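K.L.:
Pasting a structure here, questions to come.
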Amino acid sequence: MPYKSEITHSQTDGTTQIITLHDESSIQVHKLSQDWDPTSKISAYNKMHEAKTVKEILTGLIYIDTESKDLHSVLKTSKKPLNALVESDLCPGNDALAKICAGMR
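Residue numbers (the numbering used here): 1 to 105.
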């Protein structure tokens with residue numbers, strides 16, 4: 001299959017644009033306006049429902065939960081980058097593994 005060039009576009013905030021795809025079908029893309037409040041869950045839900053009704057795809061920050069925790073905190077991941085971990089970080093030894101296994105029972 002021959003390479004098809006990337007589809008790009010620029011769009012003014014608060015507008016809807018029709019974009020033609022490689023197969024000649026099209027999509028409607030709506031870019032949220034600058035005054036959009038992404039912290040309102042109900043407003044975000046209503047906007048997504050409205051967009052679905054008129055077959056638009058929303059772009060921009062639709063919703064953010066300001067009370068949510070950082071993913072690293074939730075997963076309790078290492079503060080050290082994974083590519084910087086050494087064998088002793090990754091293999092804590094038999095005693096540590098036995099404690100972990102005992103905690104899973």
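Beta carbons: idealized from backbone N, C-alpha and C, even for Gly.
Being a predicted model, the structure only gives us computed values, none of them experimental.
DSSP on E87, reduced to helix/strand/coil?
P.N.:
Along the sequence shown, read from residue 1 onward, the residue named residue 87 stands at position 87. If DSSP states are grouped into helix, strand and coil, E87 belongs with the helices.
K.L.:
Which two residues bound the contiguous beta strand (DSSP E) that contains S78?
P.N.:
To locate residue 78, count along the sequence shown from 1; it is residue 78. Where S78 is concerned, there is no enclosing beta strand (DSSP E), given that its DSSP letter is neither H nor E.
K.L.:
Measure the alpha-carbon distance for N94 versus M104 and round it to whole angstroms.
P.N.:
Stepping through the sequence shown from its first residue, residue 94 is reached at position 94. Stepping through the sequence shown from its first residue, residue 104 is reached at position 104. Near 15 angstroms, if we compare the C-alpha coordinates of M104 and N94.
K.L.:
Go ahead and pull the three-state DSSP assignment for H9.
P.N.:
Looking up residue 9 in the sequence shown gives position 9. H9 falls in the coil class under three-state DSSP.
K.L.:
Could you tell me how far apart the beta carbons of I18 and Q11 are, in whole angstroms, since I believe they sit closer than 8 angstroms?
P.N.:
Start at 1 with the first residue of the sequence shown, and residue 18 comes out as number 18. Start at 1 with the first residue of the sequence shown, and residue 11 comes out as number 11. In fact, because the Cβ distance is near 11 angstroms, the residues do not count as touching under 8 angstroms.
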